[in-house]
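Here is the structure we will look at.
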Amino acid sequence: MKDWDDAVATAFALPEVRMESFYGTLCPKLNGKAILSPGREPGSFCLMVPLAEKEMLIETDPDTFWETAHYHGYPAVLTRYGTGARDRIALYIQRRWWDLAKKPQRIAAGMEERP
Numbered sequence: 149m150k151d152w153d154d155a156v157a158t159a160f161a162l163p164e165v166r167m168e169s170f171y172g173t174l175c176p177k178l179n180g181k182a183i184l185s186p187g188r189e190p191g192s193f194c195l196m197v198p199l200a201e202k203e204m205l206i207e208t209d210p211d212t213f214w215e216t217a218h219y220h221g222y223p224a225v226l227t228r229y230g231t232g233a234r235d236r237i238a239l240y241i242q243r244r245w246w247d248l249a250k251k252p253q254r255i256a257a258g259m260e261e262r263p
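Every position in the sequence shown, counted from 1, becomes a number in the numbering used here once 148 is added.
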């Protein structure tokens, strides 16, 4: 992702995503739950991921995925803009969508299996 607008556009390419308030800022949500948020650190956004996946992302690509003490133990990973991991980031945005989607939404989107 080159910037916040690029990350938001990736989320909005998925069905039924809406821009809604999240801790005082607007971010893409599905069914009232955040997919990603602007984050607190310059040059990064916050991507919601399960804790086990977060640990793996940080271990395998620390140039893209990282955390501060604020996010430690929270199911979200900071994601730097401008790295070569665009496709991988897009995959995790799709996975977050899938995790939040209801079964009929998954079926309508042709995403019955988790990406």
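In this text, a Cβ means the ideal position worked out from N, Cα and C, and glycines have one as well. Just so you know, these numbers come straight off a predicted model, no measurement behind them.
From Gly180 to Tyr240, what distance separates their C-alpha atoms? Distance between the alpha carbons of Gly180 and Tyr240 is about 18 angstroms.
Given 8 angstroms as the limit, is there contact between the region 191-201 and the region 213-230, that is, 3 or more CB pairs closer than that? yes
Enumerate in chain order the residues of its own chain whose CB-to-CB distance from Gly187 is below 7 angstroms, with the five nearest sequence positions on each side excluded. Phe193, Cys194, Leu226
Mark Met149 as exposed unless 16 or more other C-beta atoms lie within 10 angstroms of its C-beta, in which case mark it buried. buried
Which two residues bound the contiguous alpha helix (DSSP H) that contains Ala159? 152-160
How big is the Cα-Cα spacing for Glu260 and Gly232? 28 angstroms
Could you check if Ile255 is buried or exposed, using at least 16 other CB atoms within 10 Å of its CB as the buried criterion? exposed
Which value, in whole angstroms, describes the spacing of the CA atoms of Pro252 and Glu189? Whole-angstrom Cα-Cα distance: 36 angstroms.
Endpoints, the beta strand (DSSP E) within which Thr168 is located: The identity of residue 168 in the sequence shown is Glu, whereas the question assumes Thr. Where Glu168 is concerned, the enclosing beta strand (DSSP E) stretches over 166-170.
Does the distance from the CB of Ile176 to the CB of Ala161 come in under 8 angstroms? In the sequence on display, residue 176 carries Pro and not Ile. At a Cβ-Cβ threshold of 8 angstroms, Pro176 and Ala161 do not count as neighbours.
Smallest Cα separation from Ala200: which of Ala217, Pro163, Tyr222, Val156? Considering only alpha carbons, the answer is Tyr222.
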